[in-house]
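Here's the structure we're looking at; comments come further down.
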């Protein structure tokens, strides 16, 4: 019989799978699971193995407002997908759904939330993706100028 200290020191035999799902109508779904060697089927969907770091916002006891993803050695893959995202397809934002699965029940997610991709910066090898709760396409949109409302701005 193990002591209480030995019992608390043991790690559980369960694994928490952290998944990322990007979606846009031009390139479809890109599903990735963190720190795995082989593809995993979680929730009835196959996720490809990938190495990434997820940093959540620092608020406590609140929903995730923003987040940052760092992918190593995936810049060329991201460039190929982002090349498809051009022209009129940029009207729709890229969404990112983060899910966590427990190895005891891999059919249902323990936690899930959806954010928008607000920024993507790449260098030679690494990719940093910023996620936010607000749709970036709704940001920085000014009112349409109406001379009836602002007659002093009419060019003489």
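Numbering (my numbering), first residue to last: 1 to 156.
Yeah, the Cβ is synthetic: ideal placement off N, Cα and C, and Gly gets one too.
Contact belief for residue i with residue j at Cβ below 8 Å, rounded distance in angstroms
| i | j | result |
| --- | --- | --- |
| residue 136 | residue 121 | At roughly 14 Å, the Cβ-Cβ gap does not stay under 8 Å, so residue 136 and residue 121 are not in contact. |
| residue 70 | residue 126 | 7 Å |
| residue 72 | residue 66 | Contact doesn't hold; Cβ gap of about 21 Å is too wide. |
| residue 81 | residue 45 | Not quite, the Cβ-Cβ distance comes to about 18 Å (not below 8 Å), so this is no contact. |
Within 7 Å, strictly: CB atoms of residue i and residue j
| i | j | result |
| --- | --- | --- |
| residue 55 | residue 76 | no |
| residue 132 | residue 116 | yes |
| residue 32 | residue 48 | yes |
| residue 27 | residue 83 | no |
| residue 42 | residue 106 | yes |
Simplified DSSP state of residue i, which is helix, strand or coil
| i | result |
| --- | --- |
| residue 79 | helix |
| residue 9 | helix |
| residue 137 | helix |
| residue 151 | helix |
| residue 87 | helix |
Residue i - partner residues in DSSP beta bridges
| i | result |
| --- | --- |
| residue 157 | The structure shown does not extend to residue 157, since the chain is modelled only from 1 through 156, so no value can be given for it. |
| residue 30 | 22 |
| residue 55 | 68 |
| residue 98 | 20 and 113 |
| residue 40 | 47 |
| residue 119 | 130 |
| residue 105 | 102 |
Query raised in the report: Is the segment 86-103 in contact with the segment 16-27, if contact means three or more CB pairs nearer than 8 Å?
Result: Contact between the segment 86-103 and the segment 16-27 is established, with three or more Cβ pairs separated by less than 8 Å.
Report task. Please determine if the segment 88-96 and the segment 20-37 are in contact, where contact requires at least 3 C-beta pairs separated by less than 8 Å. Result -> At 8 Å Cβ cutoff, the stretches touch.
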